[in-house]
Amino acid sequence: MVGGGGKRRPGGEGPQCEKAVAVKKGKCCEADVPSDLRKEVESHYRLSLPEDFYHFWRFCEGLDPEQPADALSASLGLRLVGPYDILAGKHKMKKKSASLNFNLHWRFYYDPPEFQTIIIGDCKTEFHMGYFRDSPDELPVFVGTNEAKKNCIIVQSGENVFAAVKLFLMKKLKEVTDKKKTSLLKTIDEKLTEAARELGFSLEQRTVKMKQRDKKVVTKTFHGAGLVVPVDKNDVGYRELPETDASLRRICKTIVEAPGDAERLRAFAPVQEMMTYVQFANDECDYGMGLELGMDLFCHGSHCQLAEMMIEVLSGGDTPTRRKSIFIKLLASFYLLHIIC
5 MVGGGGKRRP GGEGPQCEKA VAVKKGKCCE ADVPSDLRKE VESHYRLSLP
55 EDFYHFWRFC EGLDPEQPAD ALSASLGLRL VGPYDILAGK HKMKKKSASL
105 NFNLHWRFYY DPPEFQTIII GDCKTEFHMG YFRDSPDELP VFVGTNEAKK
155 NCIIVQSGEN VFAAVKLFLM KKLKEVTDKK KTSLLKTIDE KLTEAARELG
205 FSLEQRTVKM KQRDKKVVTK TFHGAGLVVP VDKNDVGYRE LPETDASLRR
255 ICKTIVEAPG DAERLRAFAP VQEMMTYVQF ANDECDYGMG LELGMDLFCH
305 GSHCQLAEMM IEVLSGGDTP TRRKSIFIKL LASFYLLHII C
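The sequence shown begins at 5 in this note's numbering and counts up by one.
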């Protein structure tokens with residue numbers, strides 16, 4: 005039998021994160037971005053972008069009309085990338101742009117398919133911000149941050165990009181000692197806070213909607229952002245893995261560090277048994293179990309010993325949703341980046 009106790013469903017909301025300045029939320033108006041440009045962004049990514057995405061572009065245009073994508077580079081070390089590159093027209097500078105896979109554009113090593121990078125920072129830690137979606141046919145549920153050189157952890161940083169940048173800016177203000185730099189950051193902070201207030205965007209790190217989502221999370225997964233899958237009134241849709249996170253990490257570590265094929269084959273036994281459980285779960289419509297196992301294998305680093313198994317187990321789960329048709333194709337494309345030993 006597989007060792008380890010059953011994994012816990014996350015209980016409660018856990019410790020509350022530090023909040024930025026709260027802003028009374030009103031109804032957000034549509035950003036002044038041409039409809040044809042919006043369609044171009046969404047057709048390339050096959051994903052809908054929230055209104056704060058376009059409003060933040062306009063905000064950065066106000067800071068630097070010539071180079072909006074670099075408007076925060078000198079002050080915060082942040083640059084707008086990913087779908088913002090389309091707003092900047094950068095994709096038109098590339099030959100054969102029609103054949104490019106835009107969902108791999110600015111995708112970092114540990115980014116799950118649910119994560120879409122929109123801002124990059126310190127290249128030494130590979131800090132980046134991105135939208136996190138529970139389903140590709142829905143709008144993002146929050147903006148997350150990750151430092152790919154450190155680990156796979158995704159930190160929830162607000163419901164919109166204004167909040168995420170505000171939180172980043174607040175952290176910078178605590179670190180900066182130079183008076184001129186402090187003055188510059190405070191000026192940007194005032195402009196950003198005012199823009200968010202006028203548009204009705206919350207600047208809280210964890211909003212009511214995000215806390216409501218927490219109640220739907222069936223398991224945290226290795227990246228910590230949580231997994232949300234359809235679960236009906238009979239509790240069909242997800243079942244727990246027979247291993248704790250700590251136990252599964254040890255198993256993956258043993259596989260990757262095995263000195264030879266014989267040792268690696270023995271180390272694979274618990275994972276093979278879990279895959280059998282996943283097949284049973286899929287047969288009984290508990291697709292979330294396979295998604296959790298596959299995502300944990302992905303987040304462990306998906307070394308060459310684990311990558312093929314990761315794709316196999318993820319391809320079999322979440323059949324009732326569009327997650328399979330878009331997110332799984334993205335994982336398959338990203339597969340080549342994850343099999344480098």
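Even glycine gets a Cβ: it sits at the ideal position worked out from N, Cα and C.
Taking Cβ to Cβ, would you say residue i is nearer than 8 Å to residue j?
i    : j    : result
H48  : I90  : yes
V145 : G162 : no
V233 : V240 : no
I72  : C64  : Position check: residue 72 holds Pro in this sequence, whereas Ile was assumed. Their beta carbons are under 8 Å apart, which means P72 touches C64 by this criterion.
V2   : T121 : It is not possible to answer for residue 2, since the shown part of the chain is limited to 5 through 345.
L82  : G134 : no
Report the CB separation of residue i from residue j in whole angstroms; it is logged as a contact under 8 Å.
i    : j    : result
L245 : S79  : Going by Cβ atoms, the distance from L245 to S79 rounds to 44 Å, so no, they are not a contact pair.
F166 : L196 : 6 Å
D36  : R62  : 6 Å
L177 : T186 : 7 Å
Using only CA atoms, which one of the options lies nearest to residue i?
i    : options                   : result
L231 : E65, Y291 and C64         : Y291
C256 : V282, M214, L297 and V221 : L297
V159 : S77, R201, V212 and D115  : D115
D300 : Y135, D249 and E316       : D249
F302 : L269, D182, C156 and G264 : C156
V45  : F205, G93, E202 and K178  : G93
Here's the rule: buried if 16 or more other CB atoms are within 10 angstroms of the residue's CB, otherwise exposed. What is residue i?
i    : result
F284 : exposed
N238 : exposed
E118 : buried
E208 : buried
C33  : exposed
D193 : buried
Q216 : exposed
V282 : buried
N107 : buried
N105 : exposed
R111 : buried
K213 : exposed
L269 : exposed
T225 : buried
T181 : exposed
P38  : exposed
Does the region 121–137 come into contact with the region 149–163, if we say contact requires no fewer than three beta-carbon pairs (one atom in each stretch) closer than 8 Å?
yes
Counting Cβ pairs, one atom from each stretch, are 3 or more of them under 8 Å apart for the region 292–300 and the region 232–244?
When C-beta atoms of the region 292–300 are compared with those of the region 232–244, three or more pairs fall below 8 Å, so the two segments count as touching.
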